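Comments concern the structure below.
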Amino acid sequence: MDIHPLTDNLSVSPQLRPEDLPVLAARGFRSVINNRPDGEEPDQPTSAALAQAAAAAGLAYRHLPVVSGQVQDAEVEAFMKLLDELPAPVLAFCRTGTRSTTLWALGMARRLGAQAVLAQAKAAGYDLSALAPRLAEAERQR
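Note that our numbering has the sequence shown beginning at 151, numbered continuously upward.
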C-alpha cells in the first residue's frame with residue numbers, strides 16, 4: 151500500500167483492495183473513505199465489497215463517490231463533515247489519491263490558506279498547483 155499522510159489524522163492512498171483493510175486496521179487506522187464511483191475501471195473492487203471487508207476489520211467505512219476532475223463544493227463539504235464525524239485516523243482513497251487530496255485541500259483552504267494546503271499536498275506527493283485559483287477563492291471565503 152502506498153499511504154501518503156496529509157495530517158496527523160488523515161492519509162490518502164491510491165485504490166485499496168479488500169485484503170488491504172485488515173492491514174490498515176493493524177496500522178492503527180480507524181476509518182476509510184472511498185472517493186471512487188463504482189465501475190470506473192473493470193477490475194476495481196465494488197464499494198460493497200470494500201464496506202464488507204472494512205466491517206470485518208473493525209473499520210468505519212463511508213463511500214463518497216466523486217467524478218475525477220469534477221469535484222463539486224457539496225462534495226467538499228460532505229468530505230469535511232465525514233472527517234469531523236469519523237473516528238481518526240482516517241484513510242481516504244481514490245484511483246491515485248489525488249481526488250481525495252483535492253477534497254481535503256479545498257476544504258482546508260478556508261482554514262489554513264491556499265499556500266499552506268498546496269505545500270502540505272506537495273509534501274505528501276500530490277501537486278495541486280493547477281487548483282491554485284480555486285484554492286485562493288476558497289481561502290477568500292474565510
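All C-beta atoms in this analysis are idealised placements derived from N, C-alpha and C, irrespective of residue type, glycine included. Nothing here was measured: the structure is a model prediction, and the numbers come from that model.
CA-to-CA distance, A206 to R290, given in whole angstroms: Indexing the sequence shown from 1 puts residue 290 at position 140. Indexing the sequence shown from 1 puts residue 206 at position 56. Here the alpha carbons of A206 and R290 stand approximately 43 Å from one another.
Span separating the alpha-carbon of Q265 from that of P195: Here residue 265 refers to the residue found at position 115 of the sequence shown. Here residue 195 refers to the residue found at position 45 of the sequence shown. Those two C-alpha atoms are separated by around 35 Å.
Span of the beta strand (DSSP E) around F243: Within the sequence shown, the letter at position 93 stands for residue 243. Segment V240 to F243, the beta strand (DSSP E) holding F243.
Proximity to L209 [Cα-Cα], best of S181, E191 and G189: If you number the sequence shown from 1, residue 209 lands on position 59. For the options S181, E191 and G189, the alpha carbon positioned closest to that of L209 is the one of S181.
Stretch pair the segment 225 to 243 + the segment 253 to 263: three plus CB contacts closer than 8 Å: Output reads yes: the segment 253 to 263 touches the segment 225 to 243.
Buried or exposed (CB count within 10 angstroms, at least 16 for buried), G257: Numbered from its first residue, the sequence shown carries residue 257 at position 107. Answer is buried; the Cβ neighbour count reaches 16.
C-alpha distance - Q202 paired with K272, whole-angstrom precision: Locating residue 202 in the sequence shown gives position 52, counting from the first residue. Locating residue 272 in the sequence shown gives position 122, counting from the first residue. Their Cα atoms are separated by approximately 33 Å.
With 16 other Cβ atoms within 10 Å as the buried cut-off, status of V217: Within the sequence shown, residue 217 is the residue found at index 67, counting from 1. Burial call: exposed.
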